[in-house]
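**Student:** Residue numbers (the numbering used here), protein chains in the order written: chain A, 1 to 103; chain E, 104 to 746. This is the structure I have questions about; it appears just below.
Next comes the structure, spelled out in structure tokens:
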């Protein structure tokens, strides 16, 4: 059996939708951050898959993915730092309580 | 002529204004006063030198013996286009040289007098700074080379007059008087400005020399344009004269001058008797050749002057405030000058009216300043402006009494005092124009003698009120105040003998004054009769004046209320202009203009209030909205592609 592109794209889609769902429904900021990572990784998978199947002789998609992973790591560090600071001031990391920026 | 001295004449008062205005509060009163007086004294010497050089130096006459108009300097100040250049310069000709002498003399006398009169007043330095500013502006006005420079200085004298009338700015009446003076003259200046613009539009020049040397060209250049039944030139000249009416307090724009007496008395002497108020006369004299082209304008000038002269003389007979009497007398005397200009024609006695007007301006400046300064000395002694609280003062204040008497004789036109000669020339000019004006002006001259001697007798004779309730009996003022009185009285005695006709004439050609005996004798007899009448009525306390007042009750009351001009103005402004123009405009401004702006603000406010809930601060709801939006865009795109 030949493994076609769909075998990769469908799990990636499921992963992405899970990420979106988690992002919107979870109240814990860490959980939201994890959901965010899930979405990012789904996108990474897509990059790799498209590169592998559509442009086999090239490496652009692979490099994109590498960059995305590196940036995601930096972004996570930043997000964690923000969450820690919010925890220090609010004593909670519930996202609904962080509403100081509203009108 | 060298530029230094003329430039210094203008620069000195200006420097004094800056020095006293900026550093005055650091000086002592005495220091500031002496500095201002010395500055003015130097300007006086320089102005005398300049005038002497001009009149007798021999360099300023052409081959035919006519005096020249000499432009000492003329700087380009603002150059807009090739034709539209505004220059600042110094024009030396008979009338400006004469005015230099008048202004610096009176100004110096007032500076000196104020040392005593204003002694110990709060704001003494400020007072001297303003006096210097006024002197500078007035000097700049008379030497203006072009009509625009004149306009600039015209406004400057208006501003300094405003500042000096409102000198006692804590007194509400002084504040409202200064505002009234400023607003009325500003209104007149609007006419002046429009007149300047019309005239310059057609003549293509602001320059006095160009305009007056070929006045026919100005008329020709209008191409006979007509506006509302009068030629454009007539309109321009009448509008320019309107500016002069405002400054010179001609009816119906005279209402500010009596109120301007709220200022310190020396200021009234300087500004509201001798110099600034004759600016209107000076203006017409400056433009006289142009006025000659349009005799209709001169007719209007004559009528305005004659009516004002009569009106002011009648009102002066009924006032009790000595400064008000003098103010109305000033209005009447300026009207004499205006009439004299109005009746002047080159073919009548070689334009004697022009010379007479300038002569009267000169002599009037001297004796009216004398009278005002004398009134100041009286007020200083009695602490009241009303002659009802004076009387019998001749024994207490001999110097003031004699000098005041000389002033009264001079203004009444008694030989050999200054007023006789100039008034005689005016009457000659009036008679030569038409019998009516001659008789009219002779009658007004009689009234002048009557009201001046009414004033004189009420102050110095009448009764002997009890002065013991004052903290001191009235006495003559210190020398700084009496010296100017004596000098001006001396000048009033001899000024008539100046051969004025050889110095100042309309075409700058020498003219020999010879007394016209029938007219001179008539006017002196009329004046003497009036004085005699005043003597009978006011020499000793009696009930005759009241009886006379009762006889002509209506006229008396009307004159006492100045023929209700102020009420008329109040009616027009408050009832008509405020109600019919200002209020609707104010309503339009508040409701329509402001309303539109308010509406914009309201709409913005409401809209933002309505949608501010969107900014909830909940990140997840933002994401949800974003997601739905993205999906929607995606769906739409897909649908579009499919279709």
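Glycine is no exception: its CB is placed at the ideal position from the N, C-alpha and C atoms.
Name, please, each residue of chain E whose Cβ falls closer than 7 Å to the Cβ of residue 96(A).
**Tutor:** Taking the first chain and counting its residues from 1, one reaches residue 96(A) at position 96. 721, listed in chain order.
**Student:** Which residues mark the beginning and the end of the beta strand (DSSP E) in which residue 190(E) is found?
**Tutor:** As a first step, residue 190(E) is located in the second chain; it is residue number 87 there, counting from the start. Looking at the DSSP string, the run of the beta strand (DSSP E) that includes residue 190(E) is 188-195.
**Student:** For a contact defined as C-beta to C-beta under 8 Å, what are the partners of residue 100(A) on chain E?
**Tutor:** Stepping through the first chain from its first residue, residue 100(A) is reached at position 100. 720, listed in chain order.
**Student:** Which residue comes first and which comes last in the beta strand (DSSP E) that contains residue 174(E)?
**Tutor:** As a first step, residue 174(E) is located in the second chain; it is residue number 71 there, counting from the start. Its beta strand (DSSP E) spans residues 173-182.
**Student:** Mark residue 268(E) as exposed unless 16 or more other C-beta atoms lie within 10 angstroms of its C-beta, in which case mark it buried.
**Tutor:** Translated into the one-based positions of the second chain, residue 268(E) becomes position 165. Flag for residue 268(E) reads buried.
**Student:** At which residues does the alpha helix (DSSP H) containing residue 252(E) begin and terminate?
**Tutor:** Locating residue 252(E) in the second chain gives position 149, where the first residue counts as 1. Counting along the chain, the alpha helix (DSSP H) containing residue 252(E) begins and ends at 250-268.
**Student:** Hey, quick one: how far does the alpha helix (DSSP H) through residue 650(E) stretch, first residue to last?
**Tutor:** Walking along the second chain from the start, residue 650(E) turns up at place 547. First-last of the alpha helix (DSSP H) with residue 650(E): 647-654.
**Student:** Quick check: is the beta carbon of residue 728(E) nearer than 8 Å to any beta carbon in chain A?
**Tutor:** Position 625 of the second chain, counted from the first residue, corresponds to residue 728(E). It does not: the Cβ of residue 728(E) has no partner Cβ on chain A nearer than 8 Å.
**Student:** Measure the beta-carbon distance from residue 416(E) to residue 435(E) and round it to whole angstroms, keeping in mind my assumption that it falls under 8 Å.
**Tutor:** Residue numbering aside, residue 416(E) sits at position 313 when the second chain is read from its first letter. Residue numbering aside, residue 435(E) sits at position 332 when the second chain is read from its first letter. Right, their Cβ atoms sit about 5 Å apart.
**Student:** CB residue 245(E) to CB residue 202(E), shorter than 8 Å?
**Tutor:** Indexing the second chain from 1 puts residue 245(E) at position 142. Indexing the second chain from 1 puts residue 202(E) at position 99. Yes, Cβ-Cβ distance for residue 245(E) and residue 202(E) is below 8 Å.
**Student:** Does the beta-carbon of residue 378(E) have 16 or more other beta-carbons within 10 angstroms, so that it is buried, or is it exposed?
**Tutor:** Within the second chain, the letter at position 275 stands for residue 378(E). Residue 378(E) should be labelled buried.
**Student:** Using a cut-off of 7 Å between C-beta atoms, extract the partners of residue 20(A) located in chain E.
**Tutor:** Reading the first chain from its first residue, position 20 is the one you call residue 20(A). Simply 730.
**Student:** Could I get the ranges of all uninterrupted alpha helix (DSSP H) runs contained in the region 265-321 of chain E, with 4 residues as the minimum, in chain order?
**Tutor:** Fully enclosed alpha helix (DSSP H) runs of 4 or longer: 275-306 and 311-316.
**Student:** Candidates 437(E), 215(E) and 591(E): which alpha carbon is nearest residue 407(E)'s?
**Tutor:** As a position in the second chain, residue 407(E) is number 304, starting the count at 1. With distances taken between Cα atoms, residue 407(E) lies closest to 437(E).
**Student:** When DSSP builds the beta bridges, which residues end up paired with residue 333(E)?
**Tutor:** Within the second chain, the letter at position 230 stands for residue 333(E). Its beta-bridge partners are 330(E).
**Student:** According to the neighbour-count rule (16 or more other Cβ atoms, all chains shown, within 10 Å of its Cβ), is residue 548(E) buried or exposed?
**Tutor:** Position 445 of the second chain holds residue 548(E). Buried, since its Cβ has 16 or more Cβ neighbours within 10 Å.
**Student:** The alpha helix (DSSP H) that contains residue 456(E), what's its start and end?
**Tutor:** Numbered from 1 along the second chain, position 353 holds the residue referred to as residue 456(E). Residue 456(E) -> alpha helix (DSSP H) spans 455-485.
**Student:** In three-state terms, what does DSSP make of residue 205(E)?
**Tutor:** In the second chain, residue 205(E) corresponds to position 102, counting from 1. It is helical.
**Student:** Please list the partners that residue 24(A) has in chain E, where partner means a Cβ-to-Cβ separation under 7 Å.
**Tutor:** On the first chain, position 24 is the one that residue 24(A) refers to. Those within 7 Å of residue 24(A) in chain E are 723, 726 and 727.
**Student:** Look up residue 170(E) in the DSSP assignment and give the residues it is bridged to.
**Tutor:** Walking along the second chain from the start, residue 170(E) turns up at place 67. Answer is 164(E).
**Student:** Rounded to whole angstroms, how far is the Cβ of residue 23(A) from the Cβ of residue 32(A), which I believe are closer than 8 Å?
**Tutor:** For the purposes of this step, residue 23(A) is taken as the residue at position 23 of the first chain. For the purposes of this step, residue 32(A) is taken as the residue at position 32 of the first chain. Indeed they touch by this definition, with Cβ atoms about 6 Å apart.
**Student:** Out of 204(E), 186(E) and 106(E), which one is the CA nearest neighbour of residue 154(E)?
**Tutor:** Along the second chain, read from residue 1 onward, the residue named residue 154(E) stands at position 51. The option with the nearest alpha carbon to residue 154(E) is 204(E).
**Student:** Rounded to whole angstroms, what is the Cα-Cα separation between residue 630(E) and residue 673(E)?
**Tutor:** Taking the second chain and counting its residues from 1, one reaches residue 630(E) at position 527. Taking the second chain and counting its residues from 1, one reaches residue 673(E) at position 570. Rounded to whole angstroms, residue 630(E) to residue 673(E) spans 37 Å at the Cα level.
**Student:** Give the DSSP bridge partners of residue 565(E), in chain order.
**Tutor:** Against the second chain, residue 565(E) aligns to sequence position 462. Answer is 643(E), bridged to residue 565(E).
**Student:** Which same chain residues end up closer than 7 Å to residue 281(E) when comparing Cβ atoms and leaving out the 5 residues on each side of it in sequence?
**Tutor:** Taking the second chain and counting its residues from 1, the one referred to as residue 281(E) is at position 178. Result list for residue 281(E): 265, 268 and 269, in chain order.
**Student:** I'd like to know whether the C-beta atoms of residue 456(E) and residue 468(E) end up nearer to each other than 8 Å.
**Tutor:** For the purposes of this step, residue 456(E) is identified with residue 353 of the second chain, where counting begins at 1. For the purposes of this step, residue 468(E) is identified with residue 365 of the second chain, where counting begins at 1. No, Cβ-Cβ distance for residue 456(E) and residue 468(E) is not below 8 Å.
**Student:** Cα separation between residue 369(E) and residue 684(E)?
**Tutor:** Counted from its first residue, the second chain places residue 369(E) at position 266. Counted from its first residue, the second chain places residue 684(E) at position 581. Those two C-alpha atoms are separated by around 40 Å.
**Student:** Report yes if the CB atom of residue 473(E) is closer than 8 Å to the CB atom of residue 588(E), and no otherwise.
**Tutor:** One-based indexing of the second chain puts residue 473(E) at position 370. One-based indexing of the second chain puts residue 588(E) at position 485. Yes, the pair counts as a contact, with Cβ atoms nearer than the cut-off.
**Student:** State the start and end residues of the unbroken alpha helix (DSSP H) segment that holds residue 509(E).
**Tutor:** For the purposes of this step, residue 509(E) is taken as the residue at position 406 of the second chain. Residue 509(E) -> alpha helix (DSSP H) spans 501-515.
**Student:** On the DSSP letters alone, give me the boundaries of the alpha helix (DSSP H) that residue 440(E) sits inside.
**Tutor:** Along the second chain, read from residue 1 onward, the residue named residue 440(E) stands at position 337. Counting along the chain, the alpha helix (DSSP H) containing residue 440(E) begins and ends at 425-446.
**Student:** May I ask you to list the residues that DSSP assigns as paired with residue 28(A)?
**Tutor:** Stepping through the first chain from its first residue, residue 28(A) is reached at position 28. Answer is 94(A).
**Student:** Does residue 747(E) come out as helix, strand or coil in the three-state DSSP assignment?
**Tutor:** Since the first residue of chain E shown is 104 and the last is 746, residue 747(E) is not available in this structure.
**Student:** Inspect the CB distances between the region 283-303 of chain E and the region 155-170 of chain E and report whether three or more fall short of 8 Å.
**Tutor:** No: fewer than three Cβ pairs fall under 8 Å.
**Student:** Let's test the definition: count the other Cβ atoms within 10 Å of the Cβ of residue 362(E) and tell me whether it reaches 16, buried, or not, exposed.
**Tutor:** Looking up residue 362(E) in the second chain gives position 259. When all chains shown are included, residue 362(E) counts as buried.
**Student:** Check whether the region 298-308 of chain E touches the region 336-347 of chain E, taking contact to mean three or more Cβ pairs, one atom from each stretch, closer than 8 Å.
**Tutor:** Yes: the two stretches touch, three or more of their Cβ pairs being nearer than 8 Å.
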